[in-house]
Amino acid sequence: MRWIFRKAALSLFTLFCAITINFFLYRMMPGNPVDMMIQQFLALGYSYEEALTRVSMALSFVPTAPLHEQYVSFLKGVLTGNLGYSIWLATPVATILGYGIPWTVFSVSISLVISFLLGIVLGMHMAYRRGSIIDKVLSFYSSITTAMPQNILGFFMIWVFAIQLKWLPASGPYSGVDPRVFNLDFVISVLRHAVLPILTYVLTTVGGWILTMKSSTISVLGEYYVTAAEARGLKDRRIVTAYVGRNAMLPLFTRFAIALGFMFGGVLLIENLFLYPGIGRFLNQAVYARDYPLISGLFLITAVAVVAANFMADLLYSRLDPRIRFE
Amino acid sequence: MSSAAGGKEVLLSIRGLTVEFRVPRGILRAVDNLDLDVYSDEVLGLVGESGCGKSVLAHTILRIVDPNGRIASGKIIFGGRDILSMSKEELRRFRWKEIAIVFQGAFNSFNPVMRIFEHMVDTTLAHDENAKKDEILKRSKELMRMVRLDPEAVLERYPHELSGGMKQRAVAAMAMLLDPKLLILDEPFSALDVLTQKFFLKTLVDIRRETKKSMIFITHDLAQVAEIADRVAVMYGGVIVEAASVEDIFYRPRHPYTRALLKAVPSIVGSVDELKPLPGPLPDPVNPPPGCEFHPRCPHRVEICSRVRPNLERVDDVSLVACHRWRELN
Ligand SMILES: Nc1ncnc2c1ncn2[C@@H]1O[C@H](COP(=O)(O)OP(=O)(O)OP(=O)(O)O)[C@@H](O)[C@H]1O
Ligand SMILES: [Mg+2]
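Line by line, the protein sequences are chains A and B.
Residue numbers for the first sequence follow this note's numbering, beginning at 1 and rising by one.
Residue numbers for the second sequence follow this note's numbering, beginning at 1001 and rising by one.
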């Protein structure tokens, strides 16, 4: 139990460091984003004082105060959920995050789980049937799709399923329903709109899972304990699941945690192509608009996700592999 | 082949067994047209230099062959059935129930994410779906005590929490779980220090005395054989070159290779100055010499040895030897 607390404390410390470094890096660079914001307002014809007031309103700190004071009020802001105002959208950054996070979490977690499970099943199958047609086809598929940009496949999906076949909507999170009324129509619309982004994500990432699972399974198949289980007359199904599968999956959980942690940054191309209002979509826009408070907030949420995913991976991994259980 | 020899009943009968592996250089014959009988209620010691094919033979008895290998020919008869022509499901039910094996790398035999007891449960359930957990637990504890392990300290542990020696003993216990008719032990002490070896060997001798179980005990340590075996088969280059009672092997060896092997061992017979390493290397299993496999290293070779492979001839009720000159050399 104690090591869990130690891990949690370490995670929080990591997060703190990431936020701190991020703050100082930007504040201390010449031509830093805060100065740029002031320049932007000056260019619009505001006086220097007015520009400064506007920027101070957008940020959770006063840019002319001494650096350590800025830092303290920035930290206070993070802790109280005051992440400043988006300049581009004139909305609190926290509100934007609150709007974008659910869409990304919803679509990416479904995609990730599907991709992960498919990869495990197919990768294991290929390891058992090395050299079969399925193995060859999927190996080829995996090596081309892992190198393919997601928006190219996405374009193709839109062209086939939305434009030619007209089976599915091409973009947006939902359409023709009132988002304030949570009913079956709304759910169906949301699901239909999520199909193409999810499909694109799965088709471009499943190859990576397949190849990792295949090589992991092959190495487990060479282990003594698998032969030993066969010698004891265990049934094939038991050996495949409890002996081979269970052990071959272990290294994939680390990858899974990493993918989970990078979910907000990893779907930029897909969310922008499908005009899906998740974090990736806002990140893209924020960068174009040089919306520093929003970029900073998006960075914060990404850092939280990475650290949290790592922490969960540690907990989960210790459940799955008794060799790294500390009790 | 289940006829009695010397009044004993044949338990396992291997005839003309050939096992080949595909290697980059060609075809490697690890077991070459081998004949061997194992009798009921005996411990057969199987000895020979490293690489002579002992492990391959042991694995093949349970029809376990590496993916690059195949059983090219032969019969392995056990209880009237040919193991090599069993269906997959028959084979599965046969394994461990009739013949169990402790592998040479036995300490790697456990699934790292499962407790020792779960292995016992898995193994029992694979052969008896209705087995009760508390009965398996009772049996497991009994077996752990038999191999001098503390059941409480071992059964609920994960493999990595045990020492190599504890794991080897736990595997030996697991091998007796279903009370098989034949137990194959392939260098069961390989990873142990000398003291632990001695202790474990004594344990095995005790178990043997208590259970009367038939065993094939594989080793290259003749001293261990002397302690546990009733009969010894000497293997060289993928074939059995001599099989005889322990006394005969040690005091009346007939095959020149057996003699050379004994000379290479200290402490059994002769003094240290007589100790000689075996001259020359093992035959290359990809390009074996023609005729007798041992002739390039044999001090007694004559012309025929390099042309004709000697058959395994019956010397008496128990003894067999494969040498053209065994009569004159005695
Ligand atoms: N999968 C394989 N592929 C190629 N060659 C193999 C394979 N398995 C065994 N061999 C070869 O078969 C021969 C016999 O090997 P085996 O393991 O039976 O020797 P051994 O008598 O048990 O030796 P040791 O006493 O060292 O355990 C060796 O030449 C070995 O290299
Ligand atoms: Mg061996």
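Just so it is clear, CB atoms sit at the ideal spot from N, CA and C, and this is done for glycine as well.
Which class does residue 195/A belong to by DSSP, given the choice of helix, strand or coil?
Correct three-state label for residue 195/A: helix.
Extent of the continuous alpha helix (DSSP H) to which residue 176/A belongs
If you look at residue 176/A, you'll find it isn't in any alpha helix (DSSP H); DSSP assigns it neither H nor E.
Where residue 76/A falls, given that 16 or more other Cβ within 10 Å makes a residue buried:
Classification for residue 76/A: exposed.
For residue 1002/B, is the classification buried or exposed, using 16 other Cβ atoms within 10 angstroms of its Cβ as the cut-off for buried?
Only weak support exists for where residue 1002/B lies, its pLDDT of 39 falling under 50; the value from the coordinates is given anyway. Residue burial annotation: residue 1002/B is exposed, with fewer than 16 other C-beta atoms found within 10 angstroms of its C-beta.
Verify the CB distance criterion: does residue 327/A have a CB-CB separation below 8 Å to chain B?
Because residue 327/A sits at a pLDDT of 49, beneath the cut-off of 50, its placement in the model cannot be relied upon, and the following sentence gives the value as read from the coordinates. Chain B contact via Cβ: absent.
Using DSSP bridges, identify the partner residues of residue 1167/B.
Beta-bridge pairing links residue 1167/B to no other residue.
So what's residue 77/A in DSSP terms, helix, strand or just coil?
Looking at residue 77/A - three-state DSSP - the assignment turns out to be helix.
Along the segment 1201-1226 of chain B, what residues have a CB closer than 7 Å to any CB found in chain A?
Listed in sequence order: no entries.
Is the Cβ-Cβ distance between residue 1257/B and residue 1241/B less than 8 Å?
Going by beta carbons, residue 1257/B and residue 1241/B fall inside the 8 Å limit.
Is DSSP giving residue 1122/B helix, strand or coil here?
Correct three-state label for residue 1122/B: helix.
Span of the beta strand (DSSP E) around residue 100/A
No beta strand (DSSP E) holds residue 100/A; the alpha helix (DSSP H) holding it covers 93-128.
According to DSSP, is residue 320/A part of a helix, a strand, or is it coil?
Three-state result, residue 320/A: helix.
If we define contact as Cβ-Cβ less than 8 Å, is residue 1162/B a contact residue for chain A?
Interface annotation, residue 1162/B: not in contact with chain A, CB-CB separation never under 8 Å.
Comparing C-alpha positions only, which one of 1018/B, 1049/B, 1020/B and 1054/B sits nearest to residue 1217/B?
By alpha-carbon distance to residue 1217/B, the top candidate from 1018/B, 1049/B, 1020/B and 1054/B is 1054/B.
Taking the alpha helix (DSSP H) that residue 1136/B belongs to, which residues open and close that run?
Its alpha helix (DSSP H) spans residues 1133-1146.
Might you give, ordered along the chain, the residues of its own chain that have their beta carbon closer than 8 Å to the beta carbon of residue 1144/B, omitting 5 neighbours on each side?
Spatial neighbours of residue 1144/B in its own chain (CB-CB distance under 8 Å, excluding positions within 5 residues in sequence) are listed in chain order as 1150, 1151, 1154, 1155, 1170 and 1173.
Distance, Cα to Cα, residue 1183/B vs residue 1260/B?
About 29 Å.
Checking contacts by CB at 8 Å: is residue 1275/B closer than that to chain A?
With a pLDDT of 49 at residue 1275/B, under the threshold of 50, the predicted position of this residue should be treated as unreliable, though the coordinate-derived value follows. Not closer than 8 Å to any Cβ of chain A, the Cβ of residue 1275/B fails to qualify, so no.
Any chain A beta carbon closer than 8 Å to residue 1122/B:
Interface residue (Cβ-Cβ distance to chain A less than 8 Å): residue 1122/B is classified as such.
Can you confirm whether residue 1109/B, when its beta carbon is compared against all beta carbons of chain A, has any partner nearer than 8 Å?
Against chain A, the CB of residue 1109/B has a partner CB under 8 Å away; the residue lies at that interface.
Beta-carbon proximity list for residue 1063/B, same chain, < 7 Å, skipping 5 on both sides:
Answer for residue 1063/B: 1083, 1084 and 1091, listed in chain order.
Beta bridge counterpart(s) of residue 1242/B as assigned by DSSP:
DSSP lists 1234/B and 1321/B as the bridge partner or partners of residue 1242/B.
Cβ of residue 237/A less than 8 Å from any chain B Cβ?
Residue 237/A has a beta carbon lying at 8 Å or more from every beta carbon in chain B.
Which chain A residues are close to residue 1103/B, counting only those with a beta carbon under 8 Å from its beta carbon?
Neighbours of residue 1103/B on chain A, chain order: 224, 227, 228 and 231.
Examine ligand 1 and report whether any of its heavy atoms sits within less than 7 Å of the Cβ of residue 1050/B.
Yes, since a heavy atom of ligand 1 falls inside the 7 Å radius drawn around the Cβ of residue 1050/B.
Going by the C-beta, is residue 127/A closer than 7 Å to any heavy atom of ligand 1?
No.
Are three or more beta carbon pairs between the segment 90-108 of chain A and the segment 294-313 of chain A nearer than 8 Å?
In this structure the segment 90-108 of chain A lies against the segment 294-313 of chain A, because at least three pairs of beta carbons, one per stretch, are closer than 8 Å.
Between residue 1092/B and chain A, is any beta-carbon pair separated by less than 8 Å?
Among the CB atoms of chain A, one or more fall inside 8 Å of the CB of residue 1092/B.
Does the beta-carbon of residue 67/A have 16 or more other beta-carbons within 10 angstroms, so that it is buried, or is it exposed?
By the 10 Å Cβ count, residue 67/A comes out exposed.
Among 1067/B, 1255/B, 1289/B and 1116/B, whose alpha-carbon lies nearest the alpha-carbon of residue 129/A?
Checking every option, the nearest Cα to that of residue 129/A belongs to 1067/B.
For the pair the segment 1126-1146 of chain B and the segment 1156-1166 of chain B, tell me if three or more CB-CB distances fall below 8 Å.
Judged by Cβ distances under 8 Å, the segment 1126-1146 of chain B makes no contact with the segment 1156-1166 of chain B, as fewer than three pairs qualify.
Is residue 96/A closer than 8 Å to residue 86/A when the C-beta atoms are compared?
Remark: C-beta atoms of residue 86/A and residue 96/A approach each other more closely than 8 Å.
Going by Cα to Cα distance, which pick from 203/A, 18/A and 310/A is closest to residue 341/A?
Because chain A here runs from 1 to 327, residue 341/A falls outside it and cannot be looked at.
Can residue 1055/B be considered in contact with ligand 1, in the sense that its beta carbon sits closer than 7 Å to one or more heavy atoms?
Checking every heavy atom of ligand 1 against the Cβ of residue 1055/B, one is found closer than 7 Å.
Only counting the same chain, and skipping five residues up and downstream in sequence, which positions put a Cβ closer than 7 Å to that of residue 1212/B?
These residues qualify, in order along the chain: 1041.
Over the uninterrupted beta strand (DSSP E) stretch that includes residue 1008/B, give me the two end residues.
Neither: residue 1008/B is in no beta strand (DSSP E) and is coded neither H nor E.
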